[in-house]
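Going by our numbering, the sequence shown runs without a break in its numbering and finishes at 149.
Think of the CB as a built atom: it goes at the ideal place given N, C-alpha and C, for glycine as much as any other residue.
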Amino acid sequence: MSDKRSIVILIADDDAEDRMLVKDALEESRLKNSIQFVENGEELMDYLHRRGKFSDEQKYPTPGLILLDLNMPKKDGREALREIKADERLRLIPVVVLTTSKAEEDILRTYDLGVSSFITKPVTFSSLVDVMKTLSKYWFEIVELPKI
C-alpha cells in the first residue's frame with residue numbers, strides 16, 4: 002500500500018480567498034498531504050507539463066488529485082479539463098471540480114469530459130471543512146489511486 006500522505010493535491014483556483022479557505026479547510030480536516038496551488042488554467046497546464054517556473058519536479062511533483070475551479074482567467078477549468086483528459090499521461094489523474102457553479106450544463110459537460118466528481122463550493126467555512134474531510138477520506142483512505 003502506498004503512503005497516501007505523499008499524494009500531492011493540486012488546487013487550481015483564481016480566487017486567493019477561496020485558495021486560502023480550501024487550504025485551511027484541508028488542514029482543519031487533518032489532511033497531511035502536500036498542497037500546491039495554481040491560479041489559472043494556463044498555470045495548471047504549465048504545472049502538469051513542467052513548463053516555465055514549474056520545471057523542477059522535486060518542487061512541483063505530479064499531483065495525485067486535482068481540485069479544479071471552472072471559472073478562471075486565461076484558460077478556464079473546462080478547457081484545462083479537456084486538455085488533461087485528452088493527454089495520455091495526465092488523464093489518469095483524478096480531477097474533482099470544486100466550483101461556485103451549479104449550472105446543470107457545467108455538471109453534464111464536465112462529467113462528459115471525464116471529471117471524477119463535481120462539488121459546488123459550500124457557502125460556509127464549516128461546510129467547506131466537512132466537504133474536505135469527506136473528500137480526503139474518500140480519495141486518501143477509501144479509493145485506490147493509480148501510480149502516476
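In this structure, how does DSSP classify residue i when only helix, strand and coil are distinguished?
i: S118; result: strand
i: I143; result: helix
i: L32; result: coil
i: D16; result: coil
i: K148; result: coil
i: S3; result: Low per-residue confidence applies at S3: pLDDT is 46, beneath 50, and the placement is therefore not dependable, though the value from the model is reported in the following sentence. DSSP places S3 in coil when its eight states are reduced to three.
i: K134; result: helix
So the candidates are the options; which of them puts its Cα closest to the Cα of residue i?
i: E106; options: L71, L11, E145 and P64; result: L71
i: D131; options: S30, L93, E18 and K24; result: S30
i: S117; options: L136, H50 and D15; result: L136
i: I120; options: I10, A104 and V97; result: V97
i: S76; options: P64, W140, M21 and L45; result: As written in the sequence, residue 76 is Lys, which differs from the Ser given in the question. Per the Cα distances, L45.
i: E28; options: R83, D113, T111 and S127; result: S127
i: E142; options: L32, F38 and D14; result: L32
i: E145; options: L22, I94, V124 and T111; result: I94
How about residue i and residue j: do their beta carbons lie closer than 7 Å?
i: E80; j: G115; result: no
i: I12; j: N34; result: no
i: L66; j: I10; result: yes
i: K122; j: L99; result: yes
i: E40; j: D15; result: yes
i: D47; j: F38; result: no
i: L109; j: A26; result: no
For residue i, write down the residues that DSSP places opposite it in a beta bridge.
i: L11; result: Q37 and I67
Start-end ranges of the alpha helix (DSSP H) lying completely within the segment 44-128, minimum 4 residues: Listed in chain order, the complete alpha helix (DSSP H) runs (minimum 4 residues) inside the segment 44-128 are 78-87 and 105-114.
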